[in-house]
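Colleague:
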Amino acid sequence: MDMISESLQKEICGWTEQLVGVPLSALGGHPMPVLTPDREPQRDHPLVIIRCGDGSALVATQELCDVIRPIMPNLHADLVFSPFGTYELARATLPLGITIWGPSFYLFGDRNTVSPASDGRVVRVGASELAEVDFSIFWHCQQNALAGFAVYEGDELAALATVTSHGDPVWEIGMETHPDAQARGLGHAVVNAAANWILENDRIVLATVGTFNIPSARTLRSVGLRYAFMTIDGRPGPFMVQPQPLGSPRAGETLYNYYPDWAITKGILPRPK
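Residue numbers for the sequence shown follow this note's numbering, beginning at 10 and rising by one.
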């Protein structure tokens with residue numbers, strides 16, 4: 010089963026509506042509805058586009074809606090949720106200081122989908138251990154977390170998953186594996202432990218992942234998280250170019266760049282610190 014169950018979809022319906030700022034019944038077909046929130050959204054950025062099932066909607070501040078609405082009749086949802094669509098949206102929003110990032114998958118799990126935790130390498134870590142973490146490496150994890158789950162190799166942190174509240178009843182997992190410890194199942198181990206701890210606390214498991222991040226998406230799905238919807242966010246800041254797809258179709262496969270070097274976009278700067 011690839012999608013979340015109907016029962017879990019119902020459980021997260023109110024939470025999703027609070028995240029987006031409009032009822033899911035407001036989602037529509039083409040042209041995509043462009044809406045302002047009818048409640049205070051539970052997010053820290055002024056724009057979100059959601060695609061859930063056959064429906065989509067763009068929800069943003071009035072100022073952003075005014076500059077985006079004219080371009081939406083010429084952008085089908087299939088185009089919006091593509092690199093082309095994000096660039097077209099950014100062309101409208103960047104003059105207002107808002108960049109576009111996404112799409113990202115939202116994956117959820119409950120007791121019916123999440124596998125039991127059984128990896129003895131995982132230890133639970135608290136505030137003192139998290140204070141020692143190099144978050145420039147474990148950058149998808151949070152120091153101020155409800156809990157952390159780690160694998161150490163010797164004295165070195167090899168993999169970490171942290172749990173944060175994303176607003177009840179949903180707790181979110183962030184995960185990172187050290188670059189020298191990847192492709193050994195450590196990410197699966199810490200995510201699985203974190204997911205089971207969330208369930209023990211009677212919450213719903215959430216993890217988000219960029220559509221380009223194949224290894225992380227595979228890890229999350231292997232634990233038992235299931236797809237519910239995807240979003241594109243609009244946030245203050247400069248335009249960030251997404252990376253090429255991460256990972257490989259299968260272990261040991263030789264990968265080739267389809268485009269020659271001269272055809273690849275030049276002048277892309279490192280991520281600002």
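Just so you know, even glycine gets a beta-carbon here, dropped at the ideal spot from N, CA and C.
Quick caveat: nothing in here was measured; it's all calculated off a predicted structure.
(1) Using a Cβ cut-off of 8 Å (strictly closer), state whether S113 contacts chain D.
(2) Measuring alpha carbon to alpha carbon, tell me which of S137, T122 and H85 ends up nearest L17.
(3) Whose C-beta lies closer than 8 Å to the C-beta of P32 among residues of the same chain, with five residues either side of it excluded?
(4) Out of T263, R244 and M239, which one is the CA nearest neighbour of F117?
(5) Within this structure, are the beta carbons of T95 and G111 separated by less than 8 Å?
(6) With DSSP as the reference, label Y161 as helix, strand or coil.
(7) Are the Cβ atoms of A226 and V131 separated by less than 8 Å?
(8) Between the alpha carbons of T186 and P254, how many angstroms are there, rounded?
(9) With a CB to CB cut of under 7 Å and the five nearest residues on each side skipped, what residues in its chain are close to L195?
(10) Would you mind stating whether V57 and V68 have Cβ atoms separated by less than 8 Å?
(11) Considering only C-alpha positions, which residue in the set L215, A260, V232 and G37 is nearest to H175?
(12) For a quick check, are the C-beta atoms of A190 and E209 less than 8 Å apart?
(13) If the criterion is Cβ atoms closer than 8 Å, does the pair W148 and V172 meet it?
(14) Start and end of the alpha helix (DSSP H) containing R133?
(15) What whole-angstrom Cβ distance do W180 and L155 have, given they're in contact under 8 Å?
(16) Tell me whether T25 sits in a helix, a strand or coil according to DSSP, three-state version.
(17) Buried or exposed: S34, going by 16 or more other Cβ atoms within 10 Å of its Cβ?
(18) Following the continuous alpha helix (DSSP H) through F114, name the residue where it begins and the one where it ends.
(19) Tell me, which residues are paired with C61 by DSSP?
(20) If contacts are defined as beta-carbon pairs under 8 Å, then P247 and T108 qualify, I think. What distance do you get, rounded to the angstrom?
(21) How would you write the range of the alpha helix (DSSP H) that G176 sits in, first residue to last?
Modeller: The short version:
(1) Of the chains in the structure shown, none is chain D; there is only one protein chain.
(2) Considering only alpha carbons, the answer is T122.
(3) If we look at P32 and ignore the five residues flanking it on each side, its Cβ neighbours are E26 and D47.
(4) In terms of Cα proximity to F117, the closest of T263, R244 and M239 is M239.
(5) The Cβ atoms of T95 and G111 sit closer than 8 Å to each other.
(6) Correct three-state label for Y161: strand.
(7) Result no, Cβ atoms of A226 and V131 do not sit closer than 8 Å.
(8) Their backbone Cα atoms lie some 17 Å apart in a straight line.
(9) Excluding sequence positions up to five before and after L195, its CB lies within less than 7 Å of the CB of V160, A167, A168 and T186, all in the same chain and listed in chain order.
(10) Pairing V57 with V68 gives a Cβ-Cβ distance under 8 Å.
(11) Nearest C-alpha to H175: L215.
(12) Contact: no.
(13) Against a cut-off of 8 Å, the Cβ pair of V172 and W148 comes out as no contact.
(14) Premise fails: R133 lies in the beta strand (DSSP E), V131 to V134, not in any alpha helix (DSSP H).
(15) Their Cβ separation, rounded to whole angstroms, is 7 Å, which keeps W180 and L155 in contact under 8 Å.
(16) Correct three-state label for T25: helix.
(17) Classification of S34: exposed, given that the 10 Å Cβ count is below 16.
(18) Per DSSP, F114 is not a residue of any alpha helix (DSSP H); the beta strand (DSSP E) it occupies stretches across I107 to G118.
(19) Answer by DSSP bridge pairing, in chain order: G64.
(20) Indeed they touch by this definition, with Cβ atoms about 6 Å apart.
(21) Unbroken run through G176: none, as it is neither H nor E.
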